[in-house]
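Here the sequence shown is numbered in my numbering, starting from 31 and rising by one per residue.
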Amino acid sequence: MTGTVTAAANQAVKKKESAAAAVLKRLKNNKTAMFGMIVFILLALSAIFAPILTPYEYATMDLKCAFQGPSAAHWFGTDDLGRDILTRILYGGRYSLTIGIISIAFALVLGVLIGTVAGYFGGMVDNLIMRFLDIFQSIPGLLLTIAISAALGSGFDKTILALSISRVPSFARVLRASIMRVRDQEYLEAAESIGCSRMRMIMRYVLPNSLAPLIVEATMGVANTVLTAASLSYIGLGVQPPTPEWGAMLSGAKGYIRDYSYMLTFPGLFIALTVLCLNMLGDGLRDALDPRLKN
Numbered sequence: 031m032t033g034t035v036t037a038a039a040n041q042a043v044k045k046k047e048s049a050a051a052a053v054l055k056r057l058k059n060n061k062t063a064m065f066g067m068i069v070f071i072l073l074a075l076s077a078i079f080a081p082i083l084t085p086y087e088y089a090t091m092d093l094k095c096a097f098q099g100p101s102a103a104h105w106f107g108t109d110d111l112g113r114d115i116l117t118r119i120l121y122g123g124r125y126s127l128t129i130g131i132i133s134i135a136f137a138l139v140l141g142v143l144i145g146t147v148a149g150y151f152g153g154m155v156d157n158l159i160m161r162f163l164d165i166f167q168s169i170p171g172l173l174l175t176i177a178i179s180a181a182l183g184s185g186f187d188k189t190i191l192a193l194s195i196s197r198v199p200s201f202a203r204v205l206r207a208s209i210m211r212v213r214d215q216e217y218l219e220a221a222e223s224i225g226c227s228r229m230r231m232i233m234r235y236v237l238p239n240s241l242a243p244l245i246v247e248a249t250m251g252v253a254n255t256v257l258t259a260a261s262l263s264y265i266g267l268g269v270q271p272p273t274p275e276w277g278a279m280l281s282g283a284k285g286y287i288r289d290y291s292y293m294l295t296f297p298g299l300f301i302a303l304t305v306l307c308l309n310m311l312g313d314g315l316r317d318a319l320d321p322r323l324k325n
């Protein structure tokens, strides 16, 4: 009996490895997804190596150079305080991308925990959790984030917390639905029959076979979070000037849109490019993980 179960487990592992290889192959063959991933990696690297890529400091002011348009010395021009806009955009990528990634990471931890409990145990526990999440999701996502930000106050860490809280319900629901499709599979009944604990079954069998939709949701969630964080900063509820976060840069430049539109154009382009690339990658991951959805 034990030999049969071991052989079945080994076969399942091989099947999982072959499935993972097939997913990677489909993703590599998706030119749009690969383009999005490469450009996003370049954006992230430019933010990381900003001190090497630019000779200016993002906070250094030079009023003599204020309001200079794009030139050889300042490729994206300078702002109202004479600060190099390209430098501030590169450094700003550190804040914007960090907010997006860390917010989604925190939301994933809570979402996985809540979604796993609701999806695996079901019954009254599931009902109570879902009704609680319904309360949150009855409020539009952006409005909920604004309300949480207003309650917590502005700032880098508080923006991350507000964005994380607002994303938890959607992650929990996605994982719950995926787990409910997996929990009644025969291999789980077989694992239970040989004495596997619930925790072991959840960690080894249930979660690994339920995470695919959540990976896609998280990738697109980073894009949405970067955009939402910029919106919060723009209306004064997110990261505040002089921090060179992209939304804060838009907020600081909005008074000069008629005469010095480049001050808004370049930060806005970087926000749009980041969101577009992550959405391309998310679409590619969705098609790679479930080719039936492609058409």
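Where is the CB? At the ideal position from N, CA and C, for every residue including glycine.
| Asked | Found |
| --- | --- |
| In terms of residues, what are the limits of the alpha helix (DSSP H) holding Gln167? | 153-167 |
| Are the CB atoms of Ser184 and Gly266 within a distance shorter than 8 Å? | yes |
| Using beta-carbon positions only, say whether Val256 and Ser126 come within less than 8 Å of one another. | yes |
| For Asp313, name the three-state secondary structure that DSSP assigns. | helix |
| Cα-Cα, which of Ile82, Gly107, Ile134, Tyr290 is closest to Ser258? | Here residue 258 is Thr; the residue named in the question, Ser, does not match the sequence. With distances taken between Cα atoms, Thr258 lies closest to Ile134. |
| What residue does the alpha helix (DSSP H) around Val69 start on, and which one ends it? | 61-78 |
| Taking contact to mean 3 or more Cβ pairs, one atom from each stretch, closer than 8 Å, check whether the region 229-248 and the region 198-210 are in contact. | yes |
| Under a three-way DSSP split, which group does Ala318 fall into? | helix |
| For the structure I just gave you, are there three or more beta carbon pairs, one from the region 108-122 and one from the region 79-98, closer than 8 Å? | yes |
| As a quick exercise: from Gly141, Ile224, Leu241, pick the residue whose alpha carbon is nearest that of Ser208. | Leu241 |
| Since Thr175 and Leu262 should fall inside the 8 Å C-beta cutoff, what is the C-beta to C-beta distance between them, to a whole number of angstroms? | 7 Å |
| Do Leu57 and Leu358 have their beta-carbon atoms positioned less than 8 Å apart in this structure? | One cannot answer for residue 358 here, as it falls past the ends of the chain, which runs 31 to 325. |
| Between the region 134-148 and the region 271-282, can you find at least three pairs of beta-carbon atoms closer than 8 Å? | no |
| Applying the criterion that 16 or more other CB atoms from any shown protein chain within 10 Å of the CB defines a buried residue, is Trp276 buried or exposed? | buried |
| If contacts are defined as beta-carbon pairs under 8 Å, then Gly107 and Tyr235 qualify, I think. What distance do you get, rounded to the angstrom? | Between Tyr235 and Gly107 the Cβ distance is about 56 Å, and since that is not below 8 Å, they are no contact. |
| Quick one: what's Asp114 bridged to in DSSP? | Thr108 |
| What first and last residue would you give for the alpha helix (DSSP H) that runs through Ala96? | Counting along the chain, Ala96 falls outside any alpha helix (DSSP H), and DSSP gives it neither H nor E. |
| Mind checking Asn239: buried by the 16 CB within 10 Å criterion, or exposed? | buried |
| Among Pro271, Gln215, Gly171, Thr189, whose alpha-carbon lies nearest the alpha-carbon of Arg197? | Gly171 |
| Provide the residue span of the alpha helix (DSSP H) that contains Glu247, from first to last. | 242-264 |
| Expressed to the nearest angstrom, what Euclidean distance is found between the alpha-carbon atoms of Ser223 and Asp156? | 24 Å |
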